[in-house]
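*Asks:*
In the numbering used here, the protein residues as written are 10 to 134.
Rendered as structure tokens:
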């Protein structure tokens with residue numbers, strides 16, 4: 010198993026000072042994600058579960074994408090592996106707070122079962 014470093018919960022400002030990104034001024038749990046494939050599973054106090062899969066494109070490399078899945082909306086769709094995957098509502102927020110994508114307007118077959126964030130390198134040009 011790869012080593013993982015989990016630091017204590019801290020302020021967003023403290024997390025930012027040690028090199029982590031800041032998002033909202035709330036308690037923050039910084040985690041160093043190891044190379045290779047890795048999943049973080051989280052649960053709210055009322056039992057709602059969400060997972061974050063950090064995936065590699067090349068074996069043993071730093072993750073290149075994050076698959077996000079919410080597990081407790083109560084609806085599912087067939088997946089590519091012959092099983093069923095949970096669906097959920099999501100929206101994206103862009104320029105000026107605009108909702109570029111909002112699945113609440115979609116039918117059940119068009120709701121996402123996985124949200125994928127591509128961890129593209131920074132454009133340093």
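Note that the Cβ used here is the ideal one computed from N, Cα and C, for glycine as well. For clarity, every value in this text was computed on a predicted model and none was experimentally measured.
Could you give the C-beta distance for residue 46 and residue 63, rounded to a whole number, given that I count them as a contact under 8 Å?
*Replies:* 7 Å
*Asks:* Cutting at 7 Å between CB atoms, please list the residues of its own chain near residue 42, excluding the five before and the five after it.
*Replies:* 63, 72
*Asks:* Going by beta carbon distance, what residues of the same chain come within less than 6 Å of residue 124, once the five residues before and after it are set aside?
*Replies:* 77, 99
*Asks:* Quick one: what's residue 107 bridged to in DSSP?
*Replies:* The partner list for residue 107 (beta bridge, DSSP) is empty, contrary to what the question assumes.
*Asks:* Would residue 44 pass as a contact of residue 67 if the rule is Cβ separation under 7 Å?
*Replies:* Remark: C-beta atoms of residue 44 and residue 67 do not approach each other more closely than 7 Å.
*Asks:* Got a sec? Which residues, its chain only, sit under 7 Å from residue 85 by beta carbon, not counting five neighbours each side?
*Replies:* Answer for residue 85: 93, 94, 95, 96, listed in chain order.
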